[in-house]
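This note's numbering puts the first residue of the sequence shown at 5, with every later residue one more than the last.
The beta-carbon is built from N, C-alpha and C at its ideal position, and this holds for glycine as well.
Structure first, then comments.
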Amino acid sequence: MERQKVTAFAPATVANVSCGFDILGFAIEDLGDKVSVYLSNTPGIRVIKIEGDKGKLPYEAEKNTCSVAIRAMLDALDFKGGVEIELFKGLPLGSGMGSSAASAVAALVATNTLLGNPFEKKDLLPFAIESERIACGAGHADNVSPALLGGFVLIREYHPLDVIPLHVPRGLYCTLVHPHLVLNTSDSRSVLRRNVSLQDATTQSGNIAGLVAGLFQEDMALISRSLNDVIAEPSRSVLIPGYDEVKEGIKPAGALGCGISGSGPTIFILSPSEEIAWEVSRMAQRVFDAMQLPIDLYVSAINTRGAYIIDEEI
Numbered sequence: 005m006e007r008q009k010v011t012a013f014a015p016a017t018v019a020n021v022s023c024g025f026d027i028l029g030f031a032i033e034d035l036g037d038k039v040s041v042y043l044s045n046t047p048g049i050r051v052i053k054i055e056g057d058k059g060k061l062p063y064e065a066e067k068n069t070c071s072v073a074i075r076a077m078l079d080a081l082d083f084k085g086g087v088e089i090e091l092f093k094g095l096p097l098g099s100g101m102g103s104s105a106a107s108a109v110a111a112l113v114a115t116n117t118l119l120g121n122p123f124e125k126k127d128l129l130p131f132a133i134e135s136e137r138i139a140c141g142a143g144h145a146d147n148v149s150p151a152l153l154g155g156f157v158l159i160r161e162y163h164p165l166d167v168i169p170l171h172v173p174r175g176l177y178c179t180l181v182h183p184h185l186v187l188n189t190s191d192s193r194s195v196l197r198r199n200v201s202l203q204d205a206t207t208q209s210g211n212i213a214g215l216v217a218g219l220f221q222e223d224m225a226l227i228s229r230s231l232n233d234v235i236a237e238p239s240r241s242v243l244i245p246g247y248d249e250v251k252e253g254i255k256p257a258g259a260l261g262c263g264i265s266g267s268g269p270t271i272f273i274l275s276p277s278e279e280i281a282w283e284v285s286r287m288a289q290r291v292f293d294a295m296q297l298p299i300d301l302y303v304s305a306i307n308t309r310g311a312y313i314i315d316e317e318i
């Protein structure tokens, strides 16, 4: 008789969304991680298989984001049984596309289903946040929230946690440009200013408010004007070859704007149509071809579904 097993998928995400440093994020279609979770007769949590990581991810339960997230969940349930995990990476590590968040969220959704759904989907979020402490040293929610819930999300507050789903305008598309280089979150954070001026804080606040209003009003021009980061991007963009050239080339092609996805090096570009999203992807390819730097390109609508179950054997 086969063991009970559930497999879940969680998508790639774009965090920060230019002006929304640590408080905004959205989800991508199709691109993401899969996790299978089994019930075991042996107590404890074990990672038994990892594929697609080129041997870089840890099997130790206290170091892997999947097992850390599941441990937080099982502790809340006072569950004493055993769980085994298989992780199938579809996302590159250190890419700025929410790789660790996708793994943790898929693991939680699969485990929750395996145990009979003791939690509502949104209530899995604190466990996912706990796993981010292992991945990047801080419990941020701007990747795990959209990976779990889908769409655009705003993290208004952490204590207590207040996550707000935002409207997704019709026709909005994203192009992801992933240069083949690794930019660690710790390195990307190390270049940030520790203090910002009142003028920059005011400008950033206006852009965040404008972006949120633009999403709800489906006002593409307002979204475009608001995709401007005066706090993190000036310091971080110098770490990403080709960033300035891509940013300069997207507006004539009709894109709304671009920014650094998470801590980079992936660049996200928002467009008002799929046609324009593909056009700016070709423009980005030309930029990086000239630099002889390989890239991966993805064009996607905004994923409003979030994480979901793809297979059950219960």
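Legend entry - Sequence-distant residues of the same chain with beta carbon closer than 6 Å to E66, five excluded per side: The count along the sequence shown starts at 1 and reaches residue 66 at position 62. There are no such residues.
Inset, instruction - Please say whether I264 and I244 have beta carbons closer to each other than 8 Å? - result: Sequence index remark: in the sequence shown, residue 244 carries index 240 (1-based). Sequence index remark: in the sequence shown, residue 264 carries index 260 (1-based). Yes, the Cβ-Cβ distance between I244 and I264 is below 8 Å.
Legend entry - Any non-hydrogen atom of the ligand MN closer than 7 Å to G48 Cβ: Among the components of this structure there are no ligands whatsoever, and the ligand MN is therefore not found.
Inset, instruction - Evaluate H182 with the Cβ neighbour count: other Cβ atoms within 10 Å of its Cβ, from every protein chain shown; 16 or more gives buried, anything less gives exposed. - result: Taking the sequence shown and counting its residues from 1, the one referred to as residue 182 is at position 178. That one is buried.
Inset, instruction - Within 10 angstroms of the Cβ of M5, are there 16 or more other Cβ atoms? Answer buried if so, exposed if not. - result: On the sequence shown, position 1 is the one that residue 5 refers to. Confidence at M5 is low in this model, with a pLDDT of 38, below 50, so its placement is unreliable and the value that follows should be read with caution. Exposed.
Legend entry - Contact under 8 Å by Cβ, D146 with I27: Numbered from its first residue, the sequence shown carries residue 146 at position 142. Numbered from its first residue, the sequence shown carries residue 27 at position 23. Yes.
Legend entry - D166 versus F25 - alpha carbon distance: Translated into the one-based positions of the sequence shown, residue 166 becomes position 162. Translated into the one-based positions of the sequence shown, residue 25 becomes position 21. Roughly 16 Å separates the two Cα atoms.
Inset, instruction - Rounded to whole angstroms, what's the CA-CA distance from L170 to V157? Just pull it up for me. - result: In the sequence shown, the residue the question calls residue 170 occupies position 166. In the sequence shown, the residue the question calls residue 157 occupies position 153. Distance between the alpha carbons of L170 and V157: 5 Å.
Inset, instruction - Could you please give the first and the last residue of the uninterrupted beta strand (DSSP E) stretch that includes P169? - result: By 1-based counting over the sequence shown, the position of residue 169 is 165. Note, P169: beta strand (DSSP E), 165-170.
Inset, instruction - Name, in chain order, the residues that DSSP records as bridge partners for V181. - result: Counting from one through the sequence shown, the residue named residue 181 turns up at place 177. I271, L301.
Inset, instruction - Can you grab the Cα-Cα spacing for the pair T46 / V87, in whole Å? - result: Here residue 46 refers to the residue found at position 42 when the sequence shown is read from its first residue. Here residue 87 refers to the residue found at position 83 when the sequence shown is read from its first residue. Each residue's Cα considered, the two are about 8 Å apart.
Legend entry - Stretch pair the segment 100-119 + the segment 35-43: three plus CB contacts closer than 8 Å: yes
Inset, instruction - With a threshold of 16 other CB atoms inside 10 Å of the CB of L220, please say whether the residue is buried or exposed. - result: Position 216 of the sequence shown, counted from the first residue, corresponds to residue 220. The question names Leu, but residue 220 is Phe in the sequence shown. With fewer than 16 Cβ atoms within 10 Å of its Cβ, F220 is classed as exposed.
Inset, instruction - Hey, could you find the ends of the alpha helix (DSSP H) G29 is sitting in? - result: Sequence index remark: in the sequence shown, residue 29 carries index 25 (1-based). It is not in any alpha helix (DSSP H) - G29 instead sits in the beta strand (DSSP E) that spans 28-44.
Inset, instruction - Identify which residue in G85, R7, E136, L95 has its Cα closest to the Cα of C70. - result: For the purposes of this step, residue 70 is taken as residue 66 along the sequence shown, with counting starting at 1. Minimum Cα distance to C70 is reached at E136.
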